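> Numbering (our numbering), first residue to last: 211 to 592.
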Ligand SMILES: Cc1cc2nc3c(=O)[nH]c(=O)nc-3n(C[C@H](O)[C@H](O)[C@H](O)COP(=O)(O)OP(=O)(O)OC[C@H]3O[C@@H](n4cnc5c(N)ncnc54)[C@H](O)[C@@H]3O)c2cc1C
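Structure, rendered in structure tokens:
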């Protein structure tokens with residue numbers, strides 16, 4: 211057994227860390243306050259490979275291994291939760307289905323554009339106003355064949371990156387009969403007539419990551435925009451979410467690491483009762499628990515990413531890692547605020563932003579309850 215990153219992974223982590231420390235972290239507060247997406251930094255991510263983590267080099271991506279991809283998202287999460295969510299949605303949801311299931315034509319047309327930093331990003335939407343956890347039973351957005359086109363009608367909700375994407379992968383119902391073979395993935399360019407993107411949602415945190423409701427009114431795209439197999443959209447989406455959950459866990463890990471660092475720095479400076487608050491045992495126990503939980507989450511995430519890289523089953527491990535890391539991040543951010551006392555509640559200090567950003571991680575890409583269902587199903591075989 212080897213717990214060390216290899217030389218290439220260590221170098222990658224160092225390069226990504228230096229980049230995000232210079233380009234993202236100093237702007238994280240401004241991004242949160244203004245809600246402006248950090249395009250200047252994201253444009254620079256193209257040449258570094260951060261916009262094409264899983265895309266093969268022949269299609270303009272970096273094609274890094276699954277652990278390196280996870281590390282990149284962790285580092286971005288450490289620097290800026292908003293940008294990390296945009297990157298997780300782009301790399302994990304918007305491009306990976308094309309890499310895994312797309313035709314060469316779709317790969318050639320879209321991957322180089324969205325991986326380079328010259329174009330916009332990508333998105334995937336499955337959720338609807340009345341359907342989130344229950345995709346199979348709940349999705350009503352329809353795609354119907356007409357000649358050589360798909361015609362889409364319906365409403366979608368909570369699409370991360372919609373307004374900053376070249377295209378959106380839409381999980382739509384292609385067979386009215388319902389059942390597990392009635393959904394398909396269809397790529398819809400964002401300039402398609404009949405696709406309407408609503409203004410960004412007003413959220414608790416992650417203000418620099420735009421999230422939108424979307425409607426389709428007779429939006430037409432070529433039949434060739436089908437990703438993978440017709441009727442296999444549910445299975446393809448669930449497989450995509452397995453990988454995406456490692457990324458959500460990685461953002462959680464990055465946020466927790468940043469919150470712990472901030473709390474430690476503060477506690478070494480702040481004095482109470484004649485000594486540094488870092489010397490108070492009550493706070494030291496919070497540091498110890500936080501460090502232990504971060505270590506646990508990191509090991510779980512690395513293991514899930516490693517299994518993915520080995521092309522082995524990792525559904526249960528990804529669900530466990532996401533569940534644990536996201537709930538851990540909330541606890542660590544909670545402690546970090548407590549350690550800051552009143553200042554922890556102030557926007558002058560970064561921990562309140564991290565706390566708000568971390569809150570989404572127990573919801574997005576499957577709630578904690580759904581992760582528990584996924585884990586239990588793998589155990590009892592249902
Ligand atoms: C900021 C943000 C960004 C997002 N980005 C995207 C995106 O890019 N693309 C996309 O498609 N979606 C996105 N989502 C949607 C997200 O994935 C869903 O919100 C999530 O899957 C939960 O679905 P829901 O909100 O419809 O909740 P519901 O499914 O209505 O669930 C409500 C509650 O019921 C619980 N519940 C539901 N079913 C069960 C069950 N069987 N057993 C026990 N408990 C259950 C849930 O755990 C939850 O607590 C985003 C959401 C947010 C807030």
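Glycine included, each C-beta is placed from N, C-alpha and C at the ideal position.
Model, not experiment: these values are computed from the prediction.
#1: Nearest to residue 365 by alpha carbon, out of 547, 430, 335 and 384?
#2: Could you tell me if the beta carbon of residue 412 falls within a distance shorter than 7 Å of some heavy atom in ligand 1?
#3: Measure the beta-carbon distance from residue 436 to residue 394 and round it to whole angstroms, keeping in mind my assumption that it falls under 8 Å.
#4: What residue from 243, 347, 255 and 583 has the CA that sits closest to residue 444's CA?
#5: Using a Cβ-Cβ cutoff of less than 6 Å, which residues in the same chain neighbour residue 533 once the five nearest sequence positions on both sides are dropped?
#6: Using a threshold of 7 Å, is the CB atom of residue 573 nearer than that to any non-hydrogen atom of ligand 1?
#7: May I ask you to list the residues that DSSP assigns as paired with residue 364?
#8: Can you find the residues in the same chain that come closer than 6 Å, C-beta to C-beta, to residue 427, ignoring five residues on each side of it along the sequence?
#9: Which word fits residue 237, buried or exposed, when buried means at least 16 other C-beta atoms lie within 10 angstroms of its C-beta?
#10: Quick one: is the Cβ of residue 360 within less than 7 Å of any heavy atom of ligand 1?
#11: Taking the continuous beta strand (DSSP E) assigned at residue 561, which residues delimit it?
#12: Under a Cβ-count criterion, where at least 16 other Cβ atoms within 10 Å of its own Cβ denotes burial, should residue 523 be classed as buried or exposed?
#13: DSSP on residue 265, reduced to helix/strand/coil?
#14: Let's see if you can read the secondary structure: which residues bound the beta strand (DSSP E) around residue 408?
#15: Whole alpha helix (DSSP H) runs in the region 519-550 with 4 or more residues, listed along the chain?
#16: Under 8 Å, with one C-beta from each stretch per pair, do the region 250-270 and the region 305-312 reach the 3-pair mark?
#17: Would you mind giving the Cβ-Cβ distance between residue 570 and residue 415, rounded to the nearest angstrom? I have them listed as a contact below 8 Å.
#18: In whole angstroms, what is the alpha-carbon distance linking residue 297 and residue 550?
#19: Does the count of Cβ pairs from the region 314-326 and the region 336-356 closer than 8 Å reach three?
#20: Is residue 343 near ligand 1, in the sense that its beta carbon is under 7 Å from a heavy atom of that ligand?
#21: Let me know the beta strand (DSSP E) ranges lying completely inside the region 301-352, each 3 residues or longer, listed in chain order.
#22: Check whether the Cβ atoms of residue 304 and residue 255 lie closer than 8 Å to each other.
#23: So, for residue 241: in the same chain, excluding its five sequence neighbours on each side, which residues have a beta-carbon less than 8 Å away from its beta-carbon?
#24: Going by the DSSP bridge assignment, what does residue 375 pair with across the sheet?
#25: Let me confirm a value: residue 257 is counted as buried when at least 16 other C-beta atoms fall within 10 Å, else exposed. Which label applies?
#26: Leaving out the 5 sequence neighbours to the left and right, which residues in its chain are closer than 8 Å to residue 494 when beta-carbon positions are compared?
#27: Tell me whether residue 333 counts as near ligand 1, meaning its Cβ is closer than 7 Å to at least one heavy atom of that ligand.
#28: At a threshold of 7 Å, does residue 303 count as lining ligand 2 (C-beta to nearest heavy atom)?
#29: Among 288, 441, 295 and 259, which residue has its Cα nearest to the Cα of residue 457?
#30: What first and last residue would you give for the alpha helix (DSSP H) that runs through residue 283?
#31: Less than 7 Å between the CB of residue 528 and some heavy atom of ligand 1, yes or no?
#32: Would you decide whether residue 211 is buried or exposed? Buried here means 16 or more other CB atoms lie within 10 Å of its CB.
#33: So, do the region 462-478 and the region 372-379 have three or more beta carbon pairs nearer to each other than 8 Å?
#34: Count the other CB atoms within 10 Å of the CB of residue 221; is the residue buried (16 or more) or exposed (fewer)?
According to the structure shown:
#1: 335
#2: Within the chosen limit of 7 Å, ligand 1 does not reach the beta carbon of residue 412 with any heavy atom.
#3: 6 Å
#4: 347
#5: 578 and 581
#6: Because some heavy atom of ligand 1 lies under 7 Å away, the Cβ of residue 573 counts as near it: yes.
#7: 426
#8: If the five residues before and after residue 427 are omitted, its C-beta is found closer than 6 Å to the C-beta atoms of 404, all from its own chain and listed in chain order.
#9: buried
#10: no
#11: Run containing residue 561: none in the beta strand (DSSP E); it sits in the alpha helix (DSSP H), 561-569.
#12: exposed
#13: Here residue 265 sits in coil by DSSP.
#14: Where residue 408 is concerned, there is no enclosing beta strand (DSSP E), given that its DSSP letter is neither H nor E.
#15: 525-550
#16: yes
#17: In this structure residue 570 touches residue 415 by the C-beta definition: roughly 7 Å separates them, less than 8 Å.
#18: Near 30 Å, if we compare the C-alpha coordinates of residue 550 and residue 297.
#19: no
#20: yes
#21: 331-335
#22: no
#23: 247, 248, 290, 292, 293, 417 and 418
#24: 331
#25: exposed
#26: 488
#27: yes
#28: In the structure shown, ligand 2 is absent; the only ligands present are ligand 1.
#29: 295
#30: Looking at the DSSP string, the run of the alpha helix (DSSP H) that includes residue 283 is 276-289.
#31: no
#32: exposed
#33: no
#34: exposed
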